[in-house]
Amino acid sequence: MIRVRDARKSFGKNEVLRGVSLDVKKGEVVVILGPSGSGKTTLLRCINFLENADDGELTIGDLSVRFKHATKREILSVRRRTAMVFQNYNLFNNKNALENVMEGLVTARGIPVSEARETAKRELDKVGLSDKYEAWPSQLSGGQQQRVAIARAVSLNPEVILFDEPTSALDPELVGEVLAVMRDVAREGITMVVVTHEMSFASDIADHVVFMDGGVIVEEGTPREIFTRPKEQRTRQFLDRILLKYDYAI
Amino acid sequence: MTFDASYILVSLKVALRYLHVTLLLSVIPLLAGIALGTPIAVCRKFRMRFTSQAAGVLIPTLRGIPLVLYVLILNFLILKPLDMLAQHYAWADRLRMMNSIHIGIVAMSAYATVTISETMRSALNSVPDGQYEACFSVGLTRGQALRRIVMPQALAFAVPVLCNNFIGLIKGSSIVYVIAILDVLNGAMSSAQINYRFLEAYIAAALIYWVLCISVERASWLLERRLRRHRAELTTRG
Amino acid sequence: MGKLFDIALVFEYMPAIFSRVSVTLLIVSVSVVGGTLLGFLLAAVRLYRMPLLNGAAVFYISFVRGTPVIIQMFIVYYALPILLSQVDININRWNKLYFVLISYALNNAAFMAEIIRSAIASVPVGQTEAAHSVGLSGFQALRRIVLPQAFCTAFPAFGTRVVGALQDTSLAFTLGILDMLGQAQAIGVRTYHVLEGYVAVALFFIAASLLLEKGFAWAGKKLLPNAG
């Protein structure tokens, strides 16, 4: 279970998060929608302490920390309960696919190498990369790199995986393979918080959809509520714009 | 005065006897520079309190000082207090706990630390922020991230620059001439003191430095190719 | 013998030492300007792979980059009179400063040649082809398309080299040139206070290096707005 209470964050004068509260139940898939600059990526990065939020509180399972007063050890234990999938993959450039998955297991978790290797192989198999164990990141396509990144996140068996626009940097023809892998992950019952513009993923897979704008949560509910009966004007405008674009693409 | 190439050989023989001095004066500073310069660069990269501010002011300042001044000033700062002590306590002879080679090594090391800390800083900056973030996201500590992911990548950037720094140190070591250390240059000159063949002696010394520098350049090229394994495949993939 | 270091003397010696700043500036400017001009020639030889000359240029650049500038200075000092006496020119009475100027210009030429050559080589062939495709001549393509782009690549390296050339001038005193460092040593011999003079010279180099670096960074931003 993840709970964020009143997260606030400013970059200089720019207030990016103006008190965001979010609850994610165990096994739930939460999709965060919103126009660019709405603070959704910042929220995700704050949960993983890649940004230090100015105020607010974070609870992951039995661990509760104040964003502002988190100690180094608390930050590390938050990070060890979460995993992140980045927009531009961020695979370790000096490690091959297998080593990329093993790194967190061996170095951060202290799991023996042989055991970690088995886990890593299993996870890479699940994302359909059983033939790419030895490949360097530079030898993989964007879609393959992102699948390794997902395997890397899943292998850590975290309480939640944070997806930060995982398909935005991909060529259109590679989006499908990554979304398919994400669907599998969701089916395994892993808790996910996903920032994305993929409406099909949001409506098919999400248990809960959150719409953010201007640093606050404007509206949240089930996909059906948000997509068919949005209450707020801003939500409606955003969906109209996105779905229109979506229609054109078809 | 005419030119007689045979005297080059004479000087070469003498100068080569002092090859180890030139190597000591460049290899030890290189290692010291890496050992001391890397932590400085890390402090600045992670904006450690106090150390990074101090280094941020000191390093760009010290970088402006030419090597010859490091040698002259440190020579003075190390020898003079010892002389004064010797006078004060009326020691019979000049107290020389350090001979000039040691002073040369200290001065060259100070200079190398300043230069190499800048090399390592740009090497650390050459690794994209996303690599650090990915490390943190899988739960690595800062030290682990540095050791296992960032440094190996930074090294691929740093090696050719470090080799350039090394070449600079080899060439630069010749100016310990000003504090009368018998290195390759002064060795060659010592032969000219006898036969007055200065031009030939300088050419002999130049040849030795040239061969040393070319060897380092060559080694750098080979090393770089090995380190860029994962990058090389990027380019072949097109 | 008095104190080890007297800060007041640093300022006392400054006027005398800084009065020789012109020598340092002369060496820097002649070596940079001369070096750049010669560097263009060398770079052209390398780029157009002129037979024979290309090999000589490679040899020359490698030698200069692989040997200490102090040795180059002495080689010029001893070799130039011998060479010129072959054509009956006697330069034995030349001021030593001329030898310094010549050797530093020759030294910088090698570094500048490499900066210029690699900058020009870094401009993609497609740029030249595109220039030809719209009807520009070879020279026009070079002058209007290739060189401006190469300039952007070369500028930061050029700045670094100028700072390097400034620092290299600190070795001229070994040939007996009375520049700032030579003056500091002369004062030291007279007064037994040599450290103060060295510190004054160091302060000049710190200030001049920082100034040049900042200047080039500023000019870089002004001249190359789209260079990132």
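Residue numbers (this note's numbering), protein chains in the order written: chain A, 884 to 1133; chain B, 1261 to 1498; chain C, 15 to 242. Beta carbons: idealized from backbone N, C-alpha and C, even for Gly.
Item checked: Near-chain C residues of the segment 1414-1442 of chain B (beta-carbon distance less than 9 Å), N- to C-terminal order -> So the list reads Ile1427, Ile1430, Lys1431, Gly1432, Ser1433, Ser1434, Ile1435, Tyr1437 and Val1438, given in the order they occur along the chain.
Checklist line | Rounded straight-line distance, which links the Cα of methionine 1095 of chain A to that of arginine 891 of chain A | finding: Methionine 1095 of chain A has its alpha-carbon roughly 14 Å from the corresponding atom of arginine 891 of chain A.
Note to self: Looking only at its chain, what residues have a beta carbon closer than 7 Å to the beta carbon of methionine 15 of chain C, apart from the 5 residues adjacent to it on each side?
What the structure shows: Only weak support is given to the placement of methionine 15 of chain C: the predicted model assigns it a pLDDT of 46, under 50, and the value that follows is read from those uncertain coordinates. Taken in chain order, the residues that qualify are Tyr206.
Notebook entry, point to check: Out of curiosity, what's the CA-to-CA distance linking arginine 1323 of chain B and valine 177 of chain C?
Noted result: About 10 Å.
Next item on the list: Quick one: which residues of the segment 1395-1410 of chain B get their C-beta closer than 8 Å to a C-beta of chain A? List them in chain order.
Entry: Within the segment 1395-1410 of chain B, Cys1395, Phe1396, Ser1397, Val1398, Gly1399, Leu1400, Thr1401, Gln1404, Arg1408 and Ile1409 place their CB atoms closer than 8 Å to a CB of chain A, listed in sequence order.
Margin query: Please report the straight-line C-alpha distance between alanine 1492 of chain B and arginine 1485 of chain B, rounded to a whole angstrom.
Written below: The predicted model places alanine 1492 of chain B with a pLDDT of 43, which falls under 50 and marks its position as unreliable, so this point remains unresolved.
Checklist line | Proximity to phenylalanine 3 of chain C [Cα-Cα], best of C:Leu217, C:Leu225 and C:Glu227 | finding: The first residue shown for chain C is 15 and the last is 242, placing residue 3 of chain C beyond what the model contains.
Check: Does the segment 136-144 of chain C come close enough to the segment 57-74 of chain C that 3 or more CB-CB pairs lie under 8 Å?
Finding: Segments in contact, no.
Next item on the list: State buried or exposed for histidine 1280 of chain B, treating a residue as buried only when at least 16 other CB atoms are found within 10 Å of its CB.
Entry: A residue is called buried when at least 16 other Cβ atoms come within 10 angstroms of its Cβ; histidine 1280 of chain B does not meet this threshold and is exposed.
Notebook entry, point to check: chain D beta carbons: is any one of them nearer than 8 Å to that of methionine 884 of chain A?
Noted result: Here the protein chains are A, B and C, and chain D is not one of them.
Next item on the list: Would you list the residues sitting across from threonine 942 of chain A in a DSSP beta bridge?
Entry: Bridge pairing for threonine 942 of chain A: A:Arg886 and A:Ser947 [DSSP].
Item checked: phenylalanine 1094 of chain A in three-state terms, based on DSSP -> Looking at phenylalanine 1094 of chain A - three-state DSSP - the assignment turns out to be strand.
Item checked: Nonlocal neighbours in the same chain, by C-beta distance under 7 Å from tyrosine 1392 of chain B, ignoring five residues either side -> Excluding residues within five positions, the ones whose Cβ falls inside 7 Å are Ala1405 and Val1410.
Check: Run through DSSP, which three-state label would threonine 1074 of chain A get?
Finding: In the structure shown, threonine 1074 of chain A sits in coil (DSSP, three-state: anything other than H, G, I, E or B).
Notebook entry, point to check: Which residues of chain B have a Cβ atom closer than 9 Å to the Cβ of isoleucine 96 of chain C, listed in chain order?
Noted result: Within 9 Å of the CB of isoleucine 96 of chain C, the CB atoms of chain B belong to Met1261, Thr1262, Phe1263 and Leu1459, in sequence order along the chain.
Notebook entry, point to check: Do the segment 1047-1054 of chain A and the segment 998-1010 of chain A touch if we need at least three Cβ pairs shorter than 8 Å?
Noted result: Below 8 Å, too few C-beta pairs join the segment 1047-1054 of chain A and the segment 998-1010 of chain A to call them touching: fewer than three.
Next item on the list: Answer with buried or exposed for alanine 1063 of chain A, where buried requires no fewer than 16 other C-beta atoms within 10 angstroms of its C-beta.
Entry: Result: exposed.
Check: Below 8 Å between beta carbons: does that hold for leucine 974 of chain A and tyrosine 1016 of chain A?
Finding: The answer is no: Cβ separation not under 8 Å.
Check: So, does the CB of glutamate 1493 of chain B fall closer than 8 Å to a CB anywhere in chain C?
Finding: Summary for glutamate 1493 of chain B: the model assigns pLDDT 47, below 50, so the residue's position carries little reliability; its value from the coordinates is reported in the next sentence. No - not a single Cβ of chain C is within 8 Å of the one on glutamate 1493 of chain B.
Check: Are the segment 1357-1377 of chain B and the segment 1268-1287 of chain B in contact at 8 Å, needing three or more beta carbon pairs?
Finding: Remark: three or more beta-carbon pairs, one from each stretch, lie closer than 8 Å, so the segment 1357-1377 of chain B and the segment 1268-1287 of chain B are flagged as touching.
Notebook entry, point to check: Touching or not, the segment 188-199 of chain C and the segment 98-116 of chain C, by the rule of three or more beta carbon pairs under 8 Å?
Noted result: Yes, since at least three Cβ pairs between the segment 188-199 of chain C and the segment 98-116 of chain C fall closer than 8 Å, the two stretches touch.
Check: Hey, does leucine 1318 of chain B have any beta-carbon neighbour from chain C nearer than 8 Å?
Finding: No, no contact with chain C.
Checklist line | chain B contact residues for phenylalanine 869 of chain A, given Cβ-Cβ distances below 9 Å | finding: No answer is possible for residue 869 of chain A: the residues shown for chain A start at 884 and end at 1133.
Check: Which residues bound the beta strand (DSSP E) around arginine 1478 of chain B?
Finding: If you look at arginine 1478 of chain B, you'll find it isn't in any beta strand (DSSP E); it sits in the alpha helix (DSSP H) that goes 1458-1487.
Notebook entry, point to check: Could you give the distance in angstroms between the alpha-carbon of tyrosine 212 of chain C and the alpha-carbon of tyrosine 1469 of chain B?
Noted result: Rounded to whole angstroms, tyrosine 212 of chain C to tyrosine 1469 of chain B spans 28 Å at the Cα level.
Next item on the list: Out of A:Leu927, A:Leu941 and A:Phe969, point me to the one whose CA is closest to serine 960 of chain A's CA.
Entry: Serine 960 of chain A has its Cα closest to that of A:Leu941, out of A:Leu927, A:Leu941 and A:Phe969.
Note to self: Determine, for methionine 967 of chain A, whether the minimum Cβ-Cβ distance to residues of chain B falls below 8 Å.
What the structure shows: With 8 Å as the cut-off, methionine 967 of chain A counts as an interface residue toward chain B.
Next item on the list: Determine the chain C residues that contact tyrosine 1462 of chain B at a beta-carbon separation under 8 Å, and present them in chain order.
Entry: Going along chain C in sequence order, the residues near tyrosine 1462 of chain B (Cβ under 8 Å) are Ile85, Phe88, Ile89 and Tyr92.
Check: Curious, which full-length alpha helix (DSSP H) runs of at least 4 residues does the segment 1299-1352 of chain B contain?
Finding: Qualifying alpha helix (DSSP H) stretches, in chain order: 1311-1322 and 1327-1348.
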